[in-house]
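Residue numbers (this note's numbering): 832 to 1084. Ideal placement from N, C-alpha and C gives every residue a C-beta, glycine not left out. Taking it in order: structure first as structure tokens, then the write-up.
Right, dumping it as structure tokens:
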């Protein structure tokens, strides 16, 4: 980052577990937050993470209050292709300005697993379709000029809309789960929505309003030995156990 600053360059940071996640070590997350504060927004153009399987984002602020004026950086948390748990599969496409390297739009595509039975009976493959454009969907609640990127300040305004506009938050909740009808309810104005908005503004894990406990369990149908298992044989066994023709086709292509 220092070399990029010295050269007048901008960078992207990419990783798996986002530093905003509650399962990210707090000391490490706090140090990372300081690095982002030091090099944003003039060096760090964007940050991209995953891990949660949800369609989310997290905001970073300068020292002081969490306001639009003090918002420095955005971490884009991309949706997963895997539907685990109770989700639809999805992925994002970003529209980027190749001079500033800022994101001007993100478009999320999903496949509705409610149609899986039809795929099985007809031999069809998942129908990937545009779920939403961030600029169009959230721009309705937090207007933004066409020549401006989706900055951290704008995303903070979007979270403010989530607080005051039930339709805005409900739309976010739908997109967060990739339009799955199995993710449960989180009503606008509820304690759940307050927690969600808090998490969106929590670039470091210690600021998160969601607390988790870690529990690791072995699958009841998994009798493999971690020391002796042959990866190729395991994969063949898993594919043999897979009963969905469209899934088999994807895995063996």
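- Residue 1035 counts as buried, since no fewer than 16 other beta carbons sit within 10 angstroms of its beta carbon.
- Listed as beta-bridge partners of residue 845 by DSSP are 879.
- The distance from the Cβ of residue 890 to that of residue 868 is about 12 Å, inconsistent with a contact at the 8 Å cut-off.
- Between residue 850 and residue 863, the CB-CB gap stays under 8 Å.
- For residue 921, the three-state secondary structure derived from DSSP is strand.
- Closest by C-alpha distance to residue 875, out of 1024, 1010, 982 and 995, is 982.
- Closest in alpha carbon position to residue 909, among 845, 858, 987 and 956, is 845.
- If you look at residue 960, you'll find it in the beta strand (DSSP E) that goes 960 to 964.
- Residue 958 places its beta carbon 8 Å or farther from that of residue 919.
- Taking a contact to require three or more Cβ pairs closer than 8 Å, the segment 1003 to 1013 and the segment 954 to 971 qualify as touching.
- With distances taken between CA atoms, residue 977 lies nearest to 928 out of 855, 928 and 873.
- For residue 857, there is no enclosing beta strand (DSSP E); the residue is found in the alpha helix (DSSP H) stretching over 857 to 870.
- Residue 1015 and residue 973 have their alpha carbons spaced roughly 26 Å apart.
- Membership of residue 887 in the beta strand (DSSP E) is indicated by the continuous run 887 to 892.
- Short of 7 Å from the beta carbon of residue 992, and not among the five residues preceding or following it, lie these beta carbons of its own chain, in chain order: 972, 973 and 999.
- One thing to note: residue 1024 has its Cβ no nearer than 8 Å to the Cβ of residue 1033.
- Burial is judged here by how many other beta carbons sit within 10 angstroms of a residue's own beta carbon; residue 905 has at least 16 and is buried.
- Here DSSP, grouped into helix, strand and coil, assigns residue 941 to strand.
- In the structure shown, residue 903 falls within a strand segment according to DSSP collapsed to helix, strand and coil.
- Residue 932 is positioned such that its CB atom lies closer than 8 Å to that of residue 843.
- Rounded to the nearest whole angstrom, the CA to CA distance from residue 853 to residue 952 is 41 Å.
- The three-state reading of DSSP puts residue 1028 in helix, counting H, G and I together.
- When the Cα atoms are used, residue 923 and residue 912 turn out to be separated by approximately 10 Å.
- Separation of residue 979 and residue 1030 (C-alpha to C-alpha, rounded to the nearest whole angstrom) is 25 Å.
- Within the same chain, 847, 908, 909 and 911 come within 7 Å of residue 881 by CB-CB distance, once the 5 residues on both sides are set aside.
- Cβ atoms of residue 1021 and residue 899 stay farther apart than 8 Å, at about 24 Å.
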